[in-house]
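In terms of numbering that gives the first Met the number 0, the sequence shown opens at residue 0 and continues consecutively. Where a beta carbon is used, it is the ideal one built from N, C-alpha and C, also for glycine. Predicted, not measured: the structure shown is a model, and the values here were computed from it.
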Amino acid sequence: MTFGESFEMIVFAALAVVLIFTAIMVVASKEIVHSALYLLGAFAAVAMIYVLSNAAFIGIVQVFVYIGAIGILIIFAVMLTTREVGG
């Protein structure tokens, strides 16, 4: 195994750990805004895995569509809803 292949495996493993952590935190977080931000982190990790897998176009589409459009839409929807305090 060459240095490039082993480095790619290490980067993939790190991205997989980040993706699993952010996916768990999306569900486990008590604050909905934090959950939305963790979801954006998960989308970014998936996009980087696509780029690492030589699918750069799919990675760019992932960034534009999911992080750019859906992520911002979710954050604005969460911020514009009212929260019931105390109960």
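Using C-beta distances below 7 Å, list every residue in its chain close to L39, excluding the 5 sequence neighbours before and after it, in chain order.
Position 40 of the sequence shown, counted from the start, is the residue given in the question as residue 39. Once the five neighbours on either side are set aside, the close Cβ partners of L39 are I66, G70.
Within the continuous alpha helix (DSSP H) that includes E7, where are the two ends?
Position 8 of the sequence shown holds residue 7. For E7, the enclosing alpha helix (DSSP H) stretches over residues 2-27.
Find the nearest neighbour of I74 within the set E30, S52, A55, F11, judged by alpha-carbon distance.
On the sequence shown, position 75 is the one that residue 74 refers to. The residue with the shortest Cα to Cα distance from I74 is E30.
Determine whether the beta carbon atoms of L36 and V10 lie at a separation below 9 Å.
One-based indexing of the sequence shown puts residue 36 at position 37. One-based indexing of the sequence shown puts residue 10 at position 11. Cβ distance not < 9 Å, so L36 and V10 don't count as in contact.
Is DSSP giving V84 helix, strand or coil here?
Against the sequence shown, residue 84 aligns to sequence position 85. Of the three classes helix, strand and coil, the one that applies to V84 here is coil, per DSSP.
Nearest-angstrom Cα distance between V60 and A27?
Here residue 60 refers to the residue found at position 61 when the sequence shown is read from its first residue. Here residue 27 refers to the residue found at position 28 when the sequence shown is read from its first residue. Spanning the two alpha carbons is a distance of roughly 28 Å.
Taking all protein chains shown into account, decide if G3 is buried (16 or more other Cβ within 10 angstroms of its Cβ) or exposed.
For the purposes of this step, residue 3 is taken as residue 4 along the sequence shown, with counting starting at 1. By the 10 Å Cβ count, G3 comes out exposed.
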